Every structure is written in C-alpha cells, then in structure tokens.
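Data first, discussion second: the structure below is written as structure tokens.
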Amino acid sequence: MDAALALAGGVPPADFGRKAILSLLRLDSYQIVARIAFPAAFAGVLLFALLPEQLLLGLGLAFTFDHDKLNHAAAFVVLAALGSLGWPERKAKLIVLLVLTGAAIEGLQAVQLIGRDPDLFDWVADCVGIACGLMVAGWTKRLAGGLP
C-alpha cells in the first residue's frame with residue numbers, strides 16, 4: 046500500500062484518477078489543444094453547413110437533417126467552448142466571429158447552387174449554442190481551478 050501511495054505522489058489510489066485529470070487540466074496544454082482543435086472544428090462546421098444536401102446524402106453524411114436546429118446549436122457549442130478555452134482573452138472577438146459566421150452560413154445557404162434552405166431560427170440556434178459553449182468553457186475552467 047505504501048508503494049502505491051508513493052507512486053501516486055502520496056495520494057490514495059481512489060483519488061489518484063481524479064487528481065491526475067485535474068492536474069492535466071491545469072496545464073497549459075488545454076489551451077494548445079483548443080487552439081489546434083478550433084480551426085479543424087470551424088472548417089468542419091463550414092463544410093457540413095455549406096455542402097449541397099444531395100452531396101451529403103450521397104456521401105452518407107446526412108445523418109440528422111431532421112434535427113437541424115440541434116445540429117446548429119451543437120456545432121456552435123463546440124466552437125464557442127474551444128474558442129473560449131483557446132483564446133480566453135479574446136472572448137468578445139470570438140462571440141462576434143461566431144455570430145457573424147452563423148449569419149454568413151444562413152446567407153450562403155440561400156445560394157441556389159448549394160441547394161440548402163436558409164432559416165433565421167438556425168441563426169438563433171447558433172447564438173444559443175454560442176451561449177451554451179461559453180458556459181461549458183466557464184465550467185471547465187472552474188473545474189480545473191481557475192484557468193485563465
């Protein structure tokens with residue numbers, strides 16, 4: 046038992062997993078990961094939002110067209126959370142970027158070539174997703190003990 050405590054840095058084995066996760070969250074690596082993941086997620090959201098529906102269906106990627114508002118909200122939850130964790134000092138710019146991105150997606154979906162239907166409520170779902178994503182990032186920071 047003493048050897049296990051020594052390996053865990055004096056932490057009882059039951060608490061070791063939780064403490065290890067929290068210590069990893071305290072490292073600046075979360076910010077690096079978020080900064081890498083954000084552009085990839087941003088590109089993925091644009092790709093799925095702007096590809097013609099028939100192409101998505103042909104590729105087998107149109108798995109939830111019935112839940113369009115939920116898709117929009119979920120995409121922007123991820124973008125807002127990653128952006129807020131990656132660039133905590135630029136939260137206002139992030140919000141403006143994401144709100145304008147959501148509006149631009151709806152505007153571009155009106156283009157006949159894309160064959161998608163623009164919807165003001167999709168943009169509202171984007172904005173709700175942004176708010177939820179910022180809350181998720183805030184909870185993550187509090188859980189990790191005051192990340193920047």
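Numbering of the sequence shown is given in this note's numbering, commencing with residue 46 and proceeding in unit increments. Just so you know, even glycine gets a beta-carbon here, dropped at the ideal spot from N, CA and C. Quick caveat: nothing in here was measured; it's all calculated off a predicted structure.
For Ile150, the enclosing alpha helix (DSSP H) has its first and last residue at Lys136 to Gln154. For Val122, same chain residues with a beta-carbon under 7 angstroms away, outside a window of 5 residues either side, are Gly174, Cys177, Gly178 and Val181 in chain order.
When the alpha-carbon of Leu92 is set against those of Leu153, Glu134 and Asp167, the nearest one is in Leu153.
Contact annotation: the segment 92 to 105 does not touch the segment 127 to 135, with fewer than three C-beta pairs closer than 8 angstroms. Counting only runs that start and end inside the segment 78 to 124, the alpha helix (DSSP H) elements of at least 4 residues fall at 98 to 104.
Excluding its 5 nearest sequence neighbours in each direction, Gln76 has C-beta neighbours in its own chain below 7 angstroms: Leu130 and Gly131, listed in chain order. Within the same chain, Cβ atoms closer than 6 angstroms to the Cβ of Gly147 are found at Trp168 and Asp171, the five residues on either side in sequence being excluded. Linking Leu139 to Leu145 through their CA atoms gives a straight-line distance of about 10 angstroms. Of the other Cβ atoms in all chains shown, 16 or more fall within 10 Å of the Cβ of Arg161; this residue is therefore buried.
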